[in-house]
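Okay, so here's the structure we're looking at.
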Amino acid sequence: MVMAQNNKVNIEKINLQNYLIQERSEAGLKAKTIKVGEISWAYNEGGSRQKPTILLIHGLAGNRDNWNRVAHFLTPYYHVVIPDLPNNGETRTPENFDASVPNVTENLRRFVEAIDVEDKLNVAGHSLGGSIATVYASQYPFDTQSLFLLNSAGIYTQANTRYSKDPLTLKQLIVSKPGDLEQVMHRVMQNPPSLPKAVKSAQENYLITQAAKNGKLIDQLVALSRIYTPESFARLTRTVEAPTLILWGKQDKIINVEVANELKSLLKRAEAPVILNNVGHMPILEAEQEVAAHYLPFLAKTQKMKNPLADKLIPLN
């Protein structure tokens, strides 16, 4: 009985890996790894290195493959890099790694330097990845060409969902037993994407194995949310110099859509938020074509823009 169960798990793992390999291939991506300090990074990369680079950052308890559907539309025109963040996916960290947003951002910078893509970087982040992208743009303004924030996490005055008011309730979105994935998908998304039954089952079983780790990530997020305030978040966001595109799913039950305008008011060079109707918290999975349709023109425009800090650079000779 145990052997039969193990065989089933192995077959499901193979099915999931094959599905992801195919999805990455269709998006023009290849899976890669690199060791930077104590972190073994797993990441997807695609497109020509001769073109501008986009760094795509996933959200809480997500992984690099969350972006594959969007990347499909980006790799023909741009160089795309999508890492598994520390303690997520296949990226490996020391046991007591500090998964706070500032520390993850600092290590993300070391990663992009290690693969030599830090110059004129276009940074995009979804959900918690949006917070990381914002901190990155704030800390490395000379190197950030543009910023794209999708359903971005933050400490907002207008946040009114139960998940925003009490981040501990995010644990209700952890897949910890059979049947959870279907419920979580409908809480997080307005229109969950269709997946083959075998792949969905394999994905659920994988997420169950990650439940304890994801719970710890949420605990760290809760601890951090008690330190930061809307005022400190606003101060940080106001320091961002990069031109910014904000996009939100109108039916987001995790971070309500009203905060999109609050976020715009804090950013010096943000355009009017793009609001996608009939989309929840995961536009990168629910409406990837619409996301790309808004992002590509923004990218084309911002590649021609001069960094406002360029004239403040001190000549080396």
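Residue numbers (the numbering used here): 725 to 1041. Cβ coordinates follow ideal geometry from the N, Cα and C atoms, glycine included. The model shown is predicted, which means the values in this text are computed figures rather than measured ones.
Inter-residue spacing [alpha-carbon to alpha-carbon] between residue i and residue j
i	j	result
Asn739	Gly903	19 angstroms
Pro810	Leu941	10 angstroms
Thr968	Ser772	24 angstroms
Ile856	Pro917	26 angstroms
Thr777	Val804	6 angstroms
Ile839	Gln934	28 angstroms
His782	Arg788	6 angstroms
Leu798	Val847	13 angstroms
Ala1017	Val964	24 angstroms
Leu894	Gln774	40 angstroms
Asp808	Val828	11 angstroms
Asp822	Ala751	32 angstroms
Met1029	Glu928	44 angstroms
Glu819	Lys921	34 angstroms
Ala994	Leu873	10 angstroms
Asn768	Ile999	28 angstroms
Gln914	Val908	11 angstroms
Gly761	Leu1023	32 angstroms
Thr845	His796	What sits at residue 845 in the sequence shown is Leu, not Thr. Cα to Cα, the separation comes out at about 19 angstroms.
Leu990	Ile979	17 angstroms
Leu971	His850	9 angstroms
Ser900	Thr858	31 angstroms
Tyr930	Lys937	12 angstroms
DSSP bridge partner residues for residue i (one or two, in chain order)
i	result
Thr968	Leu871 and Ala994
Asn846	Ile778 and Ser870
Gly770	Leu753 and Val804
Ile999	Trp972
DSSP three-state assignment for residue i, whether helix, strand or coil
i	result
Asn980	coil
Ile856	helix
Glu747	helix
Tyr887	helix
Thr777	strand
Thr817	coil
Ser764	strand
Ala755	strand
Ile1008	helix
Leu715	As displayed, the chain neither begins before 725 nor continues past 1041, which places residue 715 out of reach and without an answer.
>> Extract the residue ranges of the alpha helix (DSSP H) inside the region 928-966, only unbroken runs of 4 or more that lie entirely within it.
In response: 935-949 and 954-962
> Is the number of C-beta pairs between the region 884-898 and the region 850-865 that are closer than 8 angstroms three or more?
Replying inline: In this structure the region 884-898 does not touch the region 850-865; the number of beta carbon pairs closer than 8 angstroms is below three.
>> Taking contact to mean 3 or more Cβ pairs, one atom from each stretch, closer than 8 angstroms, check whether the region 942-956 and the region 829-839 are in contact.
In response: no
>> Under 8 angstroms, with one C-beta from each stretch per pair, do the region 1003-1022 and the region 980-988 reach the 3-pair mark?
In response: No, the region 1003-1022 is not in contact with the region 980-988.
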